[in-house]
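Engineer:
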Amino acid sequence: MAMKEIDLLQGTLDLLVLKTLGAGPMHGYRIASKIHQLSADVLRIEEGSLYPALYRMEQKGLIESEWGLTDTARRARFYKLTRKGRREMQKETESWVRLSTAVARVLKALEQGA
Amino acid sequence: MNVPSRIWTRVKAVFTGRAIHREIDEEMRLHLDLLAEEYAHDGMTAEEASRKARRRFGNTLLMRERGLDVRGAGLLGDLIRDLAYGLRVLRRNPWFTAVAVLTLAIAIGANTVIFSLVNSLLLRALPYPNADRLVVIWSTPRNHPEQKFPGTSGAYVLLRDNSRLFEAIGAARLYEAFTVAENSNGANWERVQAQWFTQEMAAVLGTRPMLGRWPNDGDDINDLFIVISYGLWQRKFAGSPDVLGKKVLLDLGVATVTGVMPPGFEVLNPDAEIWIRQTVTLPHGPVPRSPNRIFTAIGRLKPSVTLEQAQSEANAIAMQLVEQLPEVQRGWDMKVESLQDVYVGRIRKSLLIFQGAVLFVLVIACANVAGLLLAQGVARRKELAIRSAIGSNRWRIVRQLMVETVLLALMAGLVGLMFASAGLRAFIQFGPPDFPRLSEISMDVRVFGFALLVSLVTGFVFGLMPSMQVSRRDLMAALRETSRSATLGSQRQRLRSVFVVLQISLAVVLLIGSGLMVRSLLLLNMAQVGFTPQGLVTLQIPFSRSVYYKGAGNTPAGGLMVEFDSRLSKLTELIRDRLKGVPAVESVTVAITPPLGGMPRRITFGRENTPIAPSEHEAWTAEWYPVTPDYFETLKIPLMRGRTIGAGDTSSRRAVIVINSALARQFFPNDDPIGRRIQLDLLDDQPREIIGVAGDVLQNRYDISAQPQVYVPQDQLPWRMDLNIARQVLVKTFIIRTSGALPIAAVQAAVREIDPTAAISSVRTVEEYAGAQLQDLRQSAALLTMFGTISALLCVIGIFGIMAHAVMQRRNEIGIRIALGASAANVLRLVLRHGLLLVTMGLGFGVAAALVITRVIQTFLWGITPTDPVTFMVVTVALAALALIACYVPARRALRIDPIIALRIE
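Residue numbers (the numbering used here), protein chains in the order written: chain A, 287 to 400; chain B, 10 to 915.
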């Protein structure tokens with residue numbers, strides 16, 4: 287963990303979780319490690335944030351959960367996207383992309399001394 | 010998830026909360042295991058890995074709470090858990106719970122009883138259709154706008170014919186009494202209360218007879234038509250429908266029954282059982298100096314007309330009246346008042362005062378329980394601190410405490426409601442019989458709502474303060490604190506002190522208020538009534554049936570005039586003589602208005618040969634008592650000068666009069682009144698020579714000093730007079746001085762011997778009905794005294810509690826002081842100082858507040874001012890003494906502290 291880890295913006299975590307679940311159902315630990323891995327160890331999801339976020343989204347009906355078995359045959363709670371969650375994911379992704387390109391554009395323009 | 014299914018999940022979660030816990034735990038455990046495996050994979054030992062994983066993961070308990078918040082029952086489940094926990098806490102401290110619930114229950118119960126009265130009488134509408142539009146139009150003398158009288162016939166007619174804001178205006182004569190027989194032969198007669206109604210009253214009230222109809226234009230104007238009460242119908246006519254059209258004999262003549270009113274129907278006189286149709290016309294002929302103000306105008310406003318609009322119209326009509334009938338209307342205004350206000354006017358103020366007083370009691374009770382809670386809070390601080398340390402947030406803790414206090418208050422509310430319903434039943438059973446609309450008083454949804462609201466507000470208010478205290482301070486400090494620290498809960502102690510000062514102040518106000526009433530009662534009881542009521546019995550014989558008089562045209566003033574039958578005077582004397590022979594009778598006399606028995610007729614008078622002052626409020630007036638011989642002797646009224654009225658003062662002798670000292674002082678300040686002559690303003694009355702001056706007699710228990718009074722021999726009354734005066738004169742009150750129990754049957758037999766048709770009624774001792782006059786004040790005083798006593802008691806408990814607690818807390822300090830050689834006096838002073846400061850402050854604030862507040866009970870006080878120094882002094886000293894005891898007893902305990910034990914306890 288030599289590299290500095292970045293705190294996630296509120297709301298960004300939800301998007302990441304939704305997007306991750308887009309690949310298929312998985313349990314909490316898997317979600318956290320997948321995000322960690324895909325961000326090249328930059329993003330570390332605090333367990334203290336992950337589970338409340340999962341419960342919250344389940345509450346909102348974006349994801350649902352059921353008990354299943356892991357690869358190592360252990361009981362785990364698997365989360366998967368609902369249809370509503372998928373719509374939400376697409377909407378959020380688009381707006382995130384729009385936002386980040388806009389921010390990137392501004393930063394770049396300023397850097398070039400505009 | 011849609012909304013219903015989400016709610017269902019939650020409700021289910023309430024019951025499956027434990028399962029959800031387990032699931033969340035399992036999920037966390039898996040995560041931890043996987044984390045630990047990852048660390049182990051990185052080369053840590055299993056133990057190290059597990060510890061690191063656990064540290065990283067953080068507070069699983071907190072996470073579980075959050076998970077439950079989302080997935081579990083949420084607020085609903087929390088509430089139920091809080092309730093269950095609260096119940097456990099309350100059950101763990103049964104004494105605390107019992108004291109708190111009982112304290113609050115008494116206060117809530119008292120509030121509920123008084124609110125039931127307020128609700129039934131002030132808030133609930135009168136039982137007429139659209140009762141809010143009913144008003145009474147009074148006549149008020151300009152110089153005494155607070156007095157309200159019925160009006161003259163002229164005032165009514167002009168009002169009826171000129172007003173445009175009313176749907177209808179009727180006139181009623183509210184307090185009349187007639188004898189009524191069940192048929193036109195005069196059989197089985199009895200005396201009943203009656204009212205005269207003009208025909209318009211039917212439209213004004215809007216209440217229909219349950220049987221038959223109101224009299225109408227089809228009924229001959231020269232005949233008598235009546236509707237009767239449900240009670241009279243049942244009693245006299247056995248509820249038979251044949252009653253319609255039946256002719257009955259009133260002492261006015263034969264009347265025809267046209268209808269029966271539903272049960273409970275009444276207008277400002279719950280005893281009236283007959284309503285007689287009357288017609289009111291403008292007076293003609295010469296106008297009398299003292300016109301009859303007997304017509305109470307009652308009107309129904311048109312929809313959406315306000316009281317103010319009606320009042321300004323009435324003002325205009327009153328001015329018009331003065332122009333048209335200057336002799337009778339000059340100096341008189343009109344006042345429009347809603348019927349509801351007229352009904353409850355007398356008691357509205359006392360009810361509001363009582364409601365205020367019980368609210369004081371409630372505040373005191375709350376302060377007490379809040380004090381208890383604060384004391385208890387010290388013990389619970391560690392518990393709360395631990396809960397906070399393991400992740401309960403502040404809101405959760407406050408909510409838990411609030412749930413506990415609200416639970417407490419609701420329990421108290423339930424017990425209080427039971428108290429209230431018992432209290433109300435007792436009130437209806439034993440309450441004053443003349444209380445307006447007594448039978449309608451009941452507890453309804455609004456009362457239950459009130460009790461619930463009071464309980465909830467109470468629970469929140471006194472729950473909030475201690476829990477704010479809890480949450481404000483750093484609870485972590487509580488964990489480090491030990492009971493050794495002298496500053497423990499000093500802030501808490503300060504808040505309790507504020508409560509105690511507040512309690513004492515409120516109790517002072519209540520006690521001074523009730524003290525003032527009690528002192529008024531004592532003064533009234535001690536007031537010299539001017540005669541000896543002990544051993545006096547009065548009974549009435551109404552000779553008002555038309556056998557004893559006959560109509561004789563109109564008086565010059567336009568009223569009906571009657572001539573007395575000359576036999577009546579002899580008959581009265583014969584009965585009087587016969588009664589003297591009944592056992593236990595010492596002497597007998599006959600009066601019109603019994604002593605202490607209500608309102609005597611007032612009469613204007615002047616010097617002989619000088620005109621009596623032109624308008625009634627400038628003239629001299631006196632109470633007028635027509636009496637028979639032996640009056641002064643029987644009542645034992647002292648004679649100051651001259652002689653009393655004797656058997657020789659008959660109609661054939663010169664007219665005489667006896668005056669009282671008050672009149673002698675005012676009318677003849679410098680002369681000897683004996684032998685002077687005065688003229689009474691009474692038709693045909695001769696100038697009368699003053700033969701004696703008698704002592705002053707109180708006619709009313711609320712009087713401290715007597716009015717001017719005159720006594721005339723009944724035998725010398727004019728033989729014809731206005732029907733209204735005649736009907737009063739015809740009801741004779743026999744006053745008997747007894748030497749033992751009066752045999753009523755023998756009295757009745759004796760009377761029947763002389764006149765077989767005469768029936769005696771209202772046999773009462775003077776002490777009995779004179780006592781009843783003070784009933785109102787006695788009850789008010791009793792009620793306020795009860796509230797005052799409760800509040801004083803609560804205060805004592807409050808002071809005791811805070812003192813005992815203070816001693817407990819300072820046990821070590823006191824122990825050290827004693828060990829170092831402090832004397833008993835030193836220790837006592839140390840402990841008492843704080844308590845005495847609180848008591849002094851409470852008394853000071855209380856007296857200051859009472860000086861302002863007692864003004865509201867001014868109208869309940871007789872013979873003293875609302876700032877009566879004696880009452881203030883007595884109450885302050887008494888409460889101070891009580892408070893001192895409450896301080897001293899716990900302080901004494903400080904002396905018994907054994908320093909060795911006190912120090913070892915740590």
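Glycine is no exception: its CB is placed at the ideal position from the N, C-alpha and C atoms.
1. Can you grab the Cα-Cα spacing for the pair B/Ser494 / B/Arg819, in whole Å?
2. Please return the same chain residues whose Cβ sits closer than 7 Å to the Cβ of B/Lys157, not counting the five positions on each side in sequence.
3. Throw me the rounded Cβ distance for the B/Gly870 and B/Leu525 pair, which I believe falls under 8 Å.
4. Using only alpha-carbon positions, find the residue among B/Leu183, B/Thr112, B/Thr541 and B/Leu580 that is nearest to B/Pro765.
5. Use the C-beta contact count for B/Glu762: other C-beta atoms within 10 angstroms, 16 or more gives buried, fewer gives exposed.
6. Determine, using beta carbons only, whether B/Gly340 and B/Ile866 come nearer to each other than 8 Å.
7. Does B/Glu926 get closer than 8 Å to chain A when you measure Cβ to Cβ?
8. Name the chain B residues whose beta carbon is nearer than 8 Å to that of A/Arg402?
9. For B/Leu520 and B/Ala801, which I take to be in contact (beta-carbon distance under 8 Å), what is that distance rounded to the nearest angstrom?
10. Who are the Cβ neighbours of B/Val527 in its own chain at under 7 Å, not counting the five residues just before and after it?
11. For B/Phe439, count the other beta carbons within 10 Å of its own beta carbon; 16 or more makes it buried, fewer makes it exposed. Which is it?
12. I want to verify the contact list: residues of chain A whose CB lies under 7 Å from the CB of B/His50, in sequence order.
13. Quick check on B/Asn171: buried or exposed, where buried means 16 or more other Cβ atoms within 10 Å of its Cβ?
14. Determine the closest residue to B/Gly308 out of B/Arg173, B/Ser660 and B/Leu751, with distance taken between C-alpha atoms.
15. Who are the neighbours of A/Gly314 on chain B, taking C-beta pairs under 7 Å?
16. Using the Cα positions of B/Ile753 and B/Ala759, report the straight-line distance between them to the nearest angstrom.
17. Identify whether B/Pro609 lies in helix, strand or coil by the three-state DSSP scheme.
18. Measure from the alpha carbon of B/His153 to the alpha carbon of each residue in B/Asp342, B/Asp712, B/Ser660 and B/Lys741, then state which is nearest.
19. Identify the continuous alpha helix (DSSP H) that holds B/Phe124 and give its terminal residues.
20. Below 8 Å on the Cβ atoms is my contact criterion, and I expect B/Met535 with B/Asp731 to pass it. Report the Cβ-Cβ distance as a whole number of Å.
21. Name the chain A residues whose beta carbon is nearer than 7 Å to that of B/Leu43?
22. Could you spell out the range, first to last residue, of the alpha helix (DSSP H) harbouring A/Ile317?
23. Rounding to the nearest angstrom, what Cα-Cα distance links B/Asn139 and B/Asp226 in this structure?
24. On a CA-only basis, which of B/Glu185, B/Ala394, B/Asp91 and B/Arg90 is nearest B/Phe304? Give me that one, please.
25. For A/Ala395, which residues in chain B fall below 9 Å Cβ to Cβ?
26. Can you tell which of B/Thr637, B/Arg396, B/Leu707 and B/Leu92 has the C-alpha that lies nearest to the C-alpha of B/Ser670?
27. In chain B, which residues lie less than 9 Å from A/Arg360 when you measure between Cβ atoms?
28. Report all residues from its chain with a CB closer than 8 Å to the CB of B/Asp917; omit the five preceding and five following residues, and keep chain order.
29. So that I know if they touch, is there some Cβ in chain A lying closer than 8 Å to that of B/Ile910?
30. List the whole-angstrom C-beta distance separating B/Ala460 from B/Thr106, where the pair is believed to meet the contact cut-off of C-beta under 8 Å.
31. Just to confirm, are B/Ile825 and B/Val836 a CB contact at a threshold of 8 Å?
32. Pick helix, strand or coil for B/Arg298, following the three-state DSSP scheme.
33. Counting Cβ pairs closer than 8 Å, one from the stretch 681-698 of chain B and one from the stretch 738-758 of chain B, do we hit at least three?
34. For the beta strand (DSSP E) containing B/Asp731, list its first residue and its last residue.
35. In three-state terms, what does DSSP make of B/Ser575?
36. Counting contacts by CB-CB distance shorter than 8 Å, is A/Arg363 in contact with chain B?
Structural biologist: Taking the structure as given:
1. Note that B/Ser494 has pLDDT 44, beneath the 50 cutoff, so the model's placement of it is unreliable and the number below is only indicative. So the alpha carbons of these two residues sit roughly 9 Å apart.
2. Trp147, Thr149 and Lys344
3. The sequence given here has Leu at residue 870 of chain B, not Gly. B/Leu870 to B/Leu525, Cβ: 6 Å. Contact.
4. B/Leu580
5. exposed
6. no
7. As shown, chain B starts at 10 and ends at 915. That puts residue 926 of chain B outside it, with no answer to give.
8. This structure cannot settle anything about residue 402 of chain A, because the visible part of chain A is limited to 287 through 400.
9. 6 Å
10. Ala790 and Thr794
11. exposed
12. Result: empty, since nearest Cβ-Cβ is about 12 Å, beyond 7 Å.
13. exposed
14. B/Arg173
15. Glu36 and His40
16. 10 Å
17. coil
18. B/Asp342
19. Pro103 to Val127
20. About 40 Å separates the two Cβ atoms, so there is no contact after all.
21. Tyr315
22. Gly314 to Leu324
23. 25 Å
24. B/Glu185
25. Within 9 Å Cβ-Cβ: nothing; A/Ala395 doesn't reach chain B, min ~41 Å.
26. B/Leu707
27. Leu39, Asp42 and Leu43
28. Residue 917 of chain B is absent from the model: chain B starts at 10 and stops at 915.
29. no
30. Not really, about 19 Å apart at Cβ, beyond 8 Å.
31. no
32. Only weak support exists for where B/Arg298 lies, its pLDDT of 49 falling under 50; the coordinates are left without a value.
33. no
34. Arg729 to Asp731
35. coil
36. yes
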